[in-house]
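Undergrad: If you count the sequence shown from 1, position 160 lands on 190 in this note's numbering, and the numbers rise without skipping. Can you keep this structure in mind? I'll have questions shortly.
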Amino acid sequence: MTASSHKAVAGRSAGAGRTGRSGAGRAQGRAVRRRRPLRTAGIVAVSLLVLITAGVGWFYFKLNGNITTFGAEGVSPQRPAEGAGGQNVLVIGSDSRSGDNSSLGGGEGDVGRSDTAFLLHIYGDSKHAVAVSIPRDSLVEIPPCRLPNGKWTGAQHNAMFNAAFSVGESAQGNPACTQNTVEKLSGVRVDHTVVVDFEGFSKMTSAVGGVPVCLPKDIYQGDLNPNRHSRGERIFAKGPQNVSGQQALDYVRIRHGIGDNSDIGRIQRQQAFVGSLIKKVKEQGFNPTTLLPLANAATQSMTVDPGLDSADKLLSFAMSLKDIDLHNTKFVTLPWRYQGARVAIVHPDADRLWADIKADRTLDGKDAGGPGSGKAGGAASASPSPSGTGAGTGTDASPGTGVSVAVYNGTTATGLAARAADQLKSAGFTVTGTSTARTQDHATTVVEYGAGKEAEAKTVAARFRGAQLVPTATAGVNVVLGATYASDPALESPAAPGPDPSPGSSASGSSDIAGKARSADDNICSDLSYG
31 MTASSHKAVA GRSAGAGRTG RSGAGRAQGR AVRRRRPLRT AGIVAVSLLV
81 LITAGVGWFY FKLNGNITTF GAEGVSPQRP AEGAGGQNVL VIGSDSRSGD
131 NSSLGGGEGD VGRSDTAFLL HIYGDSKHAV AVSIPRDSLV EIPPCRLPNG
181 KWTGAQHNAM FNAAFSVGES AQGNPACTQN TVEKLSGVRV DHTVVVDFEG
231 FSKMTSAVGG VPVCLPKDIY QGDLNPNRHS RGERIFAKGP QNVSGQQALD
281 YVRIRHGIGD NSDIGRIQRQ QAFVGSLIKK VKEQGFNPTT LLPLANAATQ
331 SMTVDPGLDS ADKLLSFAMS LKDIDLHNTK FVTLPWRYQG ARVAIVHPDA
381 DRLWADIKAD RTLDGKDAGG PGSGKAGGAA SASPSPSGTG AGTGTDASPG
431 TGVSVAVYNG TTATGLAARA ADQLKSAGFT VTGTSTARTQ DHATTVVEYG
481 AGKEAEAKTV AARFRGAQLV PTATAGVNVV LGATYASDPA LESPAAPGPD
531 PSPGSSASGS SDIAGKARSA DDNICSDLSY G
């Protein structure tokens with residue numbers, strides 16, 4: 031073989047070798063190309079996950095930056111004991127003109143004021159809730175409150191409820207003072223307090239795309255501002271409509287031109303509005319898409335107690351409401367009556383309402399404490415008498431044997447407590463003391479009882495015509511005499527104890543608080559004013 035032939039063979043061999051390697055390379059390249067889309071998809075997924083996580087983290091960071099808290103040092107050291115279960119959240123609406131609120135029509139000056147407040151009780155079963163509105167003009171006792179300089183005020187007697195928020199005359203208001211006042215008024219321990227100003231309210235209504243409302247009549251500028259001295263332009267047409275932002279504020283602030291122009295009527299429209307807002311949020315779904323924009327809007331102008339000072343805590347609280355049915359979300363106004371130009375709280379109806387909340391009972395008397403709560407959420411069980419038989423069964427010659435009771439005069443008539451005490455003693459009861467009740471405007475006699483004392487309380491109540499049973503957090507049995515006893519001070523005969531009243535009811539008929547309650551699923555055009 032010639033040299034040239036050797037070169038040719040070598041060239042072909044080399045070419046063949048190159049050809050073989052090239053084929054393997056192309057195959058490997060195809061394999062690489064086949065894997066590259068999978069690898070790219072994985073990188074994209076991981077990148078998205080990182081971005082989403084970073085985005086949520088950024089959003090939570092933003093929410094945390096929005097939140098303003100008020101100091102716990104203003105909360106009274108004299109507080110009610112915890113109730114049977116559930117949570118109590120005080121919600122206060124502030125109408126200060128400070129900051130961005132000035133363009134939204136708040137109150138005059140920079141002093142924080144509040145015309146709206148309600149106590150929201152979320153029951154232990156997480157299936158029921160009730161919001162109790164407290165009229166701003168209610169005459170109450172405002173306990174000592176902390177001023178911005180650290181000093182404490184003296185107690186104010188027979189003061190308007192909304193004056194508590196203005197104690198100290200600061201732009202932020204005094205939510206701790208309002209919380210102290212509500213706890214003093216109700217005997218209910220407030221777990222959290224939230225203040226929402228005009229700006230925050232306006233943004234929340236826009237964040238959900240508006241809230242359905244209804245007007246019983248056409249509303250004009252003069253109805254919103256009676257100092258205008260002219261009718262002005264129409265701002266709302268009669269009937270259902272969707273409102274947000276400034277319009278939503280105007281709706282909840284309207285007081286004049288509807289019904290008797292009272293704050294009570296405005297409360298009813300505010301309750302309808304809050305119910306409609308809850309319904310709108312539930313329809314959109316309790317998910318981040320709905321809740322995060324709403325949370326962003328709310329936290330920008332919200333002041334909370336230290337227990338709700340983070341986005342996690344606020345969103346966790348919001349999620350705890352997701353299983354409450356609209357029909358089981360109730361709104362009531364604290365029982366009231368006019369006292370001149372102001373509002374007096376009606377006892378014992380208000381006492382019974384607060385007692386039910388403390389015991390985690392719904393307005394219709396059902397235990398809503400949730401399974402395994404282990405707390406006194408339902409009717410108290412009868413405690414045995416010293417003889418081992420139920421006290422007050424009516425089988426003994428002295429039905430009051432073994433039953434101890436304190437007697438209070440709840441009227442302005444003199445000598446009633448002593449008279450009732452003598453009569454009870456003659457029936458075998460042990461009277462532990464007599465005194466004047468906290469208020470003297472009781473229309474009917476009330477028998478208050480603590481845990482385990484229901485049977486004994488029924489025995490006492492059976493001695494007074496039309497007496498009402500009211501469970502309380504206080505131990506023992508107390509009878510508060512009302513005007514019915516003052517007009518007819520004879521006790522019932524032991525042989526005729528009368529009806530067996532149950533908690534939340536009276537011998538003459540049950541309370542109508544439950545019947546007057548509004549549900550979040552009620553027609554938005556119903557019951558929009560008082561008078």
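Note that the Cβ used here is the ideal one computed from N, Cα and C, for glycine as well.
(1) In whole angstroms, what is the alpha-carbon distance linking residue 324 and residue 473?
(2) Quick check on the DSSP output: what are the complete beta strand (DSSP E) runs of length 3 or more inside the region 170 to 221, in order along the chain?
(3) Ignoring anything shorter than 4 residues or poking outside the region 211 to 280, list the alpha helix (DSSP H) runs there in chain order.
(4) I'd like the span of the alpha helix (DSSP H) that includes residue 123, first residue to last.
(5) Determine the closest residue to residue 353 out of 328, 308, 366, with distance taken between C-alpha atoms.
(6) With 16 as the cutoff for other CB atoms within 10 Å, does residue 465 come out buried or exposed?
(7) Taking only beta-carbon positions, decide if residue 349 is within less than 9 Å of chain B.
(8) Are the region 90 to 109 and the region 167 to 179 touching by the rule of at least three beta carbon pairs closer than 8 Å?
(9) Among the candidates 553, 208, 96, whose CA atom is the shortest distance from the CA of residue 123?
(10) Given 8 Å as the limit, is there contact between the region 340 to 348 and the region 358 to 370, that is, 3 or more CB pairs closer than that?
(11) Inspect the CB distances between the region 503 to 516 and the region 429 to 445 and report whether three or more fall short of 8 Å.
(12) Considering only C-alpha positions, which residue in the set 249, 103, 547, 227 is nearest to residue 268?
(13) Does DSSP classify residue 151 as helix, strand or coil?
(14) Out of 470, 96, 492, 264, which has the shortest C-alpha to C-alpha gap to residue 511?
(15) Please determine, among 160, 311, 256, the residue with the shortest C-alpha to C-alpha distance to residue 239.
(16) Please name the residue, chosen from 184, 515, 440, 152, that lies closest to residue 453 on a Cα-to-Cα basis.
(17) Whose CA, out of 517, 247, 350, 558, lies closest to the CA of residue 264?
(18) Please determine, among 182, 200, 201, 212, the residue with the shortest C-alpha to C-alpha distance to residue 190.
(19) Across the region 320 to 339 and the region 216 to 225, are there enough close Cβ pairs to call them in contact, namely three or more that are closer than 8 Å?
(20) Taking the CB atoms as reference points, tell me whether residue 273 and residue 243 lie closer together than 9 Å.
(21) By Cβ distance below 6 Å, which residues in the same chain neighbour residue 329 in space, the five residues on each side in sequence not counted?
(22) Measure how close the beta-carbons of residue 544 and residue 154 come, nearest whole angstrom, since I'm counting them as under 8 Å.
(23) If the criterion is Cβ atoms closer than 9 Å, does the pair residue 178 and residue 200 meet it?
(24) Run through DSSP, which three-state label would residue 543 get?
(25) Using the DSSP secondary-structure output, state which residues sit across from residue 508 in a beta bridge.
(26) With residue 241 and residue 278 assumed to form a contact (beta carbons below 8 Å), what rounded beta-carbon distance in angstroms separates them?
(27) Excluding the 5 residues flanking residue 557 on each side, which residues of the same chain have their C-beta closer than 8 Å to its C-beta?
(28) Would you report the Cα separation of residue 235 and residue 553, rounded to the nearest angstrom?
(29) Over what stretch of residues does the beta strand (DSSP E) that includes residue 470 continue unbroken?
(30) Whole-angstrom Cβ separation of residue 114 and residue 379, contact assumed at under 8 Å?
(31) Less than 8 Å between C-beta atoms, sequence neighbours within five positions excluded: which residues of the same chain meet that for residue 184?
(32) Residues in the same chain with beta-carbon distance under 6 Å from residue 36, minus the five sequence neighbours each way, listed in chain order, please.
(33) Given a cut-off of 9 Å, decide if residue 497 and residue 356 are closer than it, judged by their beta-carbon atoms.
(34) Taking all protein chains shown into account, decide if residue 445 is buried (16 or more other Cβ within 10 angstroms of its Cβ) or exposed.
(35) Between 340, 151, 142, which lies nearest to residue 120 when the distance is taken from Cα to Cα?
(36) According to DSSP, is residue 162 part of a helix, a strand, or is it coil?
TA: So, to answer that:
(1) 46 Å
(2) 186 to 190
(3) 228 to 237, 251 to 254
(4) That residue, residue 123, is in no alpha helix (DSSP H); its beta strand (DSSP E) goes 117 to 124.
(5) 308
(6) exposed
(7) You won't find chain B in this structure, because it holds only one protein chain.
(8) yes
(9) 208
(10) no
(11) yes
(12) 249
(13) strand
(14) 470
(15) 311
(16) 515
(17) 247
(18) 212
(19) yes
(20) yes
(21) 93, 96, 97
(22) 19 Å between Cβ atoms; not a contact.
(23) yes
(24) helix
(25) 436, 478
(26) 6 Å
(27) 298, 302, 548
(28) 19 Å
(29) Where residue 470 is concerned, there is no enclosing beta strand (DSSP E), given that its DSSP letter is neither H nor E.
(30) Not quite, the Cβ-Cβ distance comes to about 20 Å (not below 8 Å), so this is no contact.
(31) 174
(32) Unreliable positioning characterises residue 36 in this predicted model, as indicated by a pLDDT of 48, which lies under 50. A coordinate reading is not provided.
(33) no
(34) exposed
(35) 151
(36) strand
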